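Colleague: Residue numbers (this note's numbering): 34 to 218. Heads up, the beta-carbon is just placed ideally off N, CA and C, and yes, glycines get one too. Fair warning: this is a prediction, and the values are worked out from it, not measured in the lab. Sharing a structure with you now.
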Amino acid sequence: MATDVLSVILNRSSATRLAEPAPDRAQLEILLRAAARAPDHGRLAPWRFAVLQGESRRILGDAMAELTRERTPEVGAEVLDAERRKALRAPVIVAVAAATRPHPKIPEVEQVAAVAAGIENLILAAAELGFGTMWKTGPAAYSPIVKRALGFDAADQLLGFIYLGTAAAFAPVRTAEIDGVTRWL
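Now the structure itself:
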């Protein structure tokens with residue numbers, strides 16, 4: 034599977050709508066292996082994944098609705114249903130968390146950075162395989178309710194939800210400007 038990795042990186046954009054077909058089990062395993070190939074100081078492998086597809090997406094949707102009800106007890110059924118439907122916007126969702134641990138040489142920030150690099154690897158690998166992605170966060174990514182529902186440990190940091198499928202629409206490719214953010218020494 035030879036590729037022009039720079040072309041994938043420079044032309045990637047987030048999907049704005051995702052549909053079937055989704056990556057199959059073998060393709061999902063490739064994407065997760067790509068994520069696990071991220072730079073990882075100390076080889077701590079701090080990434081944790083929860084793959085939701087089909088009916089299991091409702092676990093996330095129900096947890097998002099529960100979170101909304103907890104944050105706003107007077108919320109109506111329509112709002113709760115809208116929260117539940119968010120988990121159905123893509124045929125597959127990969128929730129990604131950082132399971133950091135104390136280490137004498139590797140600070141927590143490096144462990145979280147390794148997981149973020151893993152997410153980028155997953156996103157680029159998905160683009161190479163012809164799939165679209167959206168990296169979502171929001172209140173659900175910081176909620177103990179959602180972490181518990183997805184089987185993550187309380188101390189894990191949920192970095193987000195990678196929505197996967199066939200892109201029905203893409204956001205415009207963003208210009209990668211480096212002027213104003215680069216200092217050449």
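So residue 192 packs on residue 152, CB below 8 Å; how close in whole Å?
Modeller: Correct: roughly 6 Å between the Cβ atoms.
Colleague: Compare the C-alpha of residue 75 against each of 107, 90, 200, 139 and name the closest.
Modeller: Of the listed residues, the one whose Cα sits closest to residue 75 is 139.
Colleague: Report back the beta-carbon spacing between residue 226 and residue 166 to the nearest angstrom; my notes put them in contact at under 8 Å.
Modeller: Because residue 226 is not part of the residues shown, which for the chain are 34 to 218, the question remains open.
Colleague: Just curious, the beta strand (DSSP E) that residue 92 is in, first and last residue?
Modeller: Note, residue 92: premise wrong, no beta strand (DSSP E); alpha helix (DSSP H) at 90–104.
Colleague: What span of residues does the alpha helix (DSSP H) with residue 63 cover, start to end?
Modeller: Looking at the DSSP string, the run of the alpha helix (DSSP H) that includes residue 63 is 58–68.
Colleague: Tell me which same chain residues have a C-beta within less than 7 Å of the C-beta of residue 119, skipping the five on either side of it?
Modeller: Excluding sequence neighbours, residue 119 sits near 94, 97.
Colleague: Cα-Cα, which of 73, 43, 87, 141 is closest to residue 56?
Modeller: If we check each option's Cα against that of residue 56, 87 comes out closest.
Colleague: Since residue 168 sits in a beta bridge, which residues does DSSP pair it with?
Modeller: DSSP, once it has assigned bridges, lists 195 as partnering residue 168.
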